[in-house]
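Asks: Each residue of the sequence shown is one higher than the last, beginning at 1 in the UniProt record's numbering.
Ideal placement from N, C-alpha and C gives every residue a C-beta, glycine not left out.
I have a structure here, written as structure tokens, and I will follow up with some questions on it.
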Amino acid sequence: MPFFTVDGQALHYIDQGTGPAVLLAGSYLWDQAMWAPQIAALSPHYRVIALDLWGHGESGRLPEGTASLDDIARQALALLDHLDIDRVTLVGLSVGGMWGVRLALSAPQRLNGLVLMDTYVGVEPEPTRQYYFSLFKQIEESGEISEPLLDIVVPIFFRPGIDKESALYQDFRAKLAGYPAERLRESIVPMGRITFGRDDLLPRLGELNAATTLVVCGDQDKPRPPSEAREMAELIGCPCVLVPEAGHISNLENPPFVTDTLLKFLAELK
């Protein structure tokens with residue numbers, strides 16, 4: 001497994017295929033395995049890199065001094081430097097889009113294209129932020145994501161009609177239940193506070209290249225609803241695509257639609 005040490009910690013990533021580079025940046029509480037359907041479809045044509053957030057998957061703990069999404073973007077850029085990748089198309093879902101926009105704004109010359117999926121770069125609405133922070137406090141104090149909390153947290157990521165006995169739902173629930181206390185306190189909770197305590201980048205979206213940007217959102221995404229996606233697309237001046245029958249992790253609830261959308265977008269960038 002490839003690792004890259006940045007800010008004193010080992011960042012885990014996969015690097016598969018050859019061709020123009022595509023960086024897949026996933027959601028909070030998910031690791032790079034969430035991109036399995038897209039990696040399988042893209043890697044015959046592209047060089048696909050997918051990384052694990054700090055404390056997620058095989059990556060090390062959140063490095064000391066990592067305090068904002070700008071730090072996460074800087075660390076991802078260091079990975080691209082390490083891999084000798086001059087230009088990349090970044091596909092960022094949820095927090096991946098939040099720091100992905102920061103990478104795009106800080107190093108626009110490094111991007112071929114940008115796909116923002118099920119994400120929002122404005123500030124978190126205050127009631128939601130306070131609610132999430134209260135959940136983080138509970139997790140920090142107990143050192144676990146308890147059964148009652150799992151009943152709250154897991155459904156957030158999926159469309160309301162998902163089969164709760166499905167492997168997708170149950171595997172995610174089991175993964176959250178299995179997090180050790182140390183990882184929760186050192187990485188997962190601080191990463192959550194960084195994510196939901198972010199500053200407002202909506203005023204800067206007009207700086208992005210509208211011709212090479214796409215906004216995508218599950219049509220039943222609850223935490224990042226289509227209204228937010230349309231707002232961002234309008235500020236950028238780019239298209240907005242809604243994924244049918246999909247919630248927040250739209251690429252796993254409707255893989256064929258999302259994969260086809262990405263393949264078309266990538267082909268147009270050539």
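How many Å lie between L202 and D52 at the Cα?
Replies: Whole-angstrom Cα-Cα distance: 26 Å.
Asks: Comparing alpha-carbon positions, which option in N251, L269, S106, F265 lies nearest D118?
Replies: Here the closest residue by C-alpha is N251.
Asks: Determine the burial state of P190: buried for a count of at least 16 other Cβ atoms within 10 Å of its Cβ, exposed for fewer.
Replies: Buried.
Asks: Report the residue from L176, E245, T261, Y13 whose alpha carbon sits nearest the alpha carbon of Y28.
Replies: Closest by alpha carbon: L176.
Asks: Check whether the segment 98 to 107 touches the segment 197 to 212, taking contact to mean three or more Cβ pairs, one atom from each stretch, closer than 8 Å.
Replies: Taking 8 Å as the limit for Cβ pairs, the verdict is that the segment 197 to 212 does touch the segment 98 to 107.
Asks: Got a sec? Which residues, its chain only, sit under 8 Å from N254 by beta carbon, not counting five neighbours each side?
Replies: Closer than 8 Å at Cβ, skipping near neighbours: G218, V243, P244, E245, A246.
Asks: Which full runs of the alpha helix (DSSP H) of 4+ residues lie inside the segment 81 to 156, going along the chain?
Replies: Counting whole runs of 4 or more residues, the segment 81 to 156 contains the alpha helix (DSSP H) stretches 95 to 106, 126 to 142, 147 to 156.
Asks: Taking just the CA atoms, how far does P256 sit from V121?
Replies: In a straight line, the C-alpha of V121 is about 26 Å away from that of P256.
Asks: CA-CA distance, Q138 and S187?
Replies: Computed Cα separation, rounded: 15 Å.
Asks: Taking the CB atoms as reference points, tell me whether W99 and A73 lie closer together than 8 Å.
Replies: Yes; because the gap between Cβ atoms is below 8 Å, this pair is in contact.
Asks: Distance check for Y13 and G26, CA to CA, integer angstroms please.
Replies: The alpha-carbon atoms of G26 and Y13 are separated by roughly 12 Å.
Asks: So, helix, strand or coil for G161, using DSSP?
Replies: DSSP places G161 in coil when its eight states are reduced to three.
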